[in-house]
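Chains as they are written, first to last, in numbering that gives the first Met the number 0: chain A, 0 to 352; chain B, 0 to 133.
The block underneath contains the structure these notes are about, expressed in structure tokens.
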Amino acid sequence: MEVGIVSYGAYVPRYRITPQEIGRVWGSDGEAMSKSLLINSKSVPAPDEDVITISTEAARNMMRRVPEVDPKDIGALYVGSESHPYAVKPSGTIVAEAIGCSPNMTVADYEFACKAGTAAIQTCMGLVGSCMVKYGVAIGADTSQGAPGDPLEYSASAGGASFLIGSKDIIAVINHTSSFTTDTPDFWRREGQDYPSHGGRFTGEPAYFKHVTSAAKLVLKRTNSAPADYQYAVFHQPNGKFPQRVAKMLGFTDKQIEVGLLTPQIGNTYSGAVPLGLSAILDVAQPGERVFVVAYGSGAGADGFDITITDNITRFNRSAAPLVSHYIEDKKVIDYATYAKFRGKIRVKEEVA
Amino acid sequence: MATARFWRENPSRYNLKAVRCNNCGRVFFPPRGVCSVCHRKSIGKMECLNLKGEGEVFSFTVVHEAPSQFEILKPYMVVMVKMDEGVMLTSQLINSDPKDVKIGMRVKATLRRLGEDGPSGVIYYGYKFRPIEG
Ligand SMILES: [Zn+2]
């Protein structure tokens, strides 16, 4: 049975802060940081936004594009994130209620650093492929934070995307998926800690590059494909430079990764990064085009996908919801003081009601 | 806010669940059991519907002195919105500057955080309005 993407929806908060502004406050060279990370600005959620509201917005955009799909036919919903608002109480329950697909269904929150959203896609593929559910919803979203002054503060941002996985009226067939997983301590956050820690130089070669290239090679080998067979490729993008370098290592060109590379404009949206990049590709892709996808999550693992756009995309109503480019352009730049207030870095007095 | 009371109203806060009186056609939000105009004639004729979420600004105000929960958002706007189904809703307006708000402006409902019972309490979600894009 063919399994794939029936619809998708994206969302990025509209506030932005620049590395130059962050550097100004901490006495660091923001300009140099911007160049070395290839990040011009990063998205910042409003104080009333979190993973639940971002996921809901993305999932509603997804449903708007397929008004013929009855939400009650959705049998599973998974939200992948490392910044769920609750430690205990699933984000997915609220999202499911908000898109009208509960209660006769299964929900769970996923967590695998930045690849929890693609892990959710794989789960939905299994459930749809085995006919356990008609449709599954896989969401990747985050509102990640770096400690003030930490290099992560220049990149950690917010956004998310949602995919409706099914076997009928598919706009993009997922031909194959393979993963590569090891125990690697490159990045972590302990329970109860506000900000994550990272293993310094552990974060490059043995983590991101090893896992992304390993998963990518598995997919290429198992599908008997070469980089030149794909029109588009999207890799996890903790900054603008890593995906460019990994693409080159694997033999993909800058042109293939251009459409799905959003980090230079919005920063690292963590679990939202590959889902948003893939959404930007689905916004423009044509029938028969192939898309190569590799997500990466610290800890560490990578999920690779081989996707082919179908003829159904020509009948699919993309314009029923905002394109990723709309969210990239609809922005409001804020200063560090506003950013610190929005992100709870300034403690306000609590009043007992 | 009381958790149980709020929870019962979630269908209305998340999905704008309302009722229509099929005797006179009036829409009520939040839902009520009997039409306030038709009274007994509406019994058995009240039908659930979800508002489409779009409407226009009927009136607005800018809040400069906020309760402590909303301190971080100020100044913020509160709007009365005449929904396309005819019913009036009140909530915050987001993604807009006070100088850009106009009566008659088209807006759309979206889900946001409304508040929380302190750092260890329940988080409340519900509708706020934003200008309709494009
Ligand atoms: Zn009536």
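The beta carbon of each residue, even a glycine, is placed where N, CA and C say it ideally should be.
Ligand 1 has no heavy atom closer than 6 Å to the beta-carbon of Arg31/B. Ligand 1 approaches Arg25/B closely enough that one of its heavy atoms is under 6 Å from the residue's Cβ. The stretch 60-73 of chain A makes no contact with the stretch 29-41 of chain A, as fewer than three CB pairs between them are under 8 Å.
Within the DSSP secondary-structure output, Val80/B pairs in a beta bridge with Val56/B and Leu88/B. Taking 9 Å as the upper bound on Cβ-Cβ separation, chain B lies near residues Ala45, Pro46, Asp47, Glu48, Asp49, Ile51, Thr52, Thr55 and Glu56 of the stretch 23-57 of chain A. Note on geometry: alpha-carbon atoms of Tyr123/B and Arg289/A lie some 42 Å from one another. For Tyr338/A, the enclosing alpha helix (DSSP H) covers residues Tyr335 to Phe341.
Contact between Thr307/A and Val172/A is confirmed by a C-beta separation of about 5 Å, below the 8 Å threshold.
Counting every other CB atom within 10 Å of its CB across the protein chains shown gives Met131/A a total below 16, marking it as exposed. Residue environment for Ser33/A: buried (at least 16 other C-beta atoms within 10 angstroms of its C-beta). For Lys127/B, the enclosing beta strand (DSSP E) has its first and last residue at Ile122 to Pro130.
Secondary structure of Arg314/A (DSSP, three-state): coil.
Judged by the Cβ position, Ser41/B qualifies as a neighbour of ligand 1 at the 6 Å threshold, a heavy atom of the ligand being closer than this. Cys47/B has its Cβ no nearer than 6 Å to any heavy atom of ligand 1. Between Arg111/B and chain A, the shortest Cβ-Cβ separation is below 7 Å. For Val18/B, the Cβ stays outside the 6 Å cut-off from all heavy atoms of ligand 1. With the rule of 3 Cβ pairs closer than 8 Å, the stretch 213-224 of chain A does not count as touching the stretch 253-260 of chain A. Here Ala171/A carries a strand assignment [DSSP, helix/strand/coil]. Within the stretch 39-100 of chain A, complete alpha helix (DSSP H) segments of at least 4 residues are found at 50-63 and 90-97, given in chain order. In the three-state reduction of the DSSP assignment, Met45/B falls in the strand class.
If you check the CB distance, Ala9/A and Tyr77/A do not come in under 7 Å.
Inclusion of Thr142/A and Ala97/A in the CB contact set at 7 Å is not warranted, their separation being larger than that value. At a cut-off of 7 Å between beta carbons, Ala319/A makes no contact with chain B.
Excluding the 5 residues flanking it on each side, Val100/B has same chain C-beta neighbours closer than 7 Å at Val56, Phe59, Met76 and Leu92, in chain order. For Leu15/B, there are no neighbours in chain A by C-beta distance under 8 Å, as the nearest C-beta there is about 11 Å away. By alpha-carbon distance to Ile73/A, the top candidate from Pro84/A, Ser82/A and Gly91/A is Gly91/A. The beta carbon of Leu88/B does not come within 7 Å of any beta carbon belonging to chain A, so the residue lies off that interface. For Gly300/A, the enclosing beta strand (DSSP E) starts and ends at Gly300 to Ile308. For Val86/B, the Cβ stays outside the 6 Å cut-off from all heavy atoms of ligand 1. In summary, the residues of the stretch 88-113 of chain A whose CB is separated from some CB of chain B by less than 7 Å are Ile93, Glu96, Ala97 and Gly99, in the order they occur in the chain. Distance between His197/A and Tyr335/A, taken at the CA atoms: about 24 Å. Ala299/A places its beta carbon 7 Å or farther from that of Arg63/A. Under DSSP, Cys113/A shares a beta bridge with Phe111/A.
Apart from the 5 residues on each side of it in sequence, Gln19/A sits with its Cβ closer than 7 Å to the Cβ of Gly29, Glu30 and Ser33 in its chain, given in chain order. Chain-order list of chain B residues neighbouring Arg13/A: Asn94, by C-beta distance under 8 Å.
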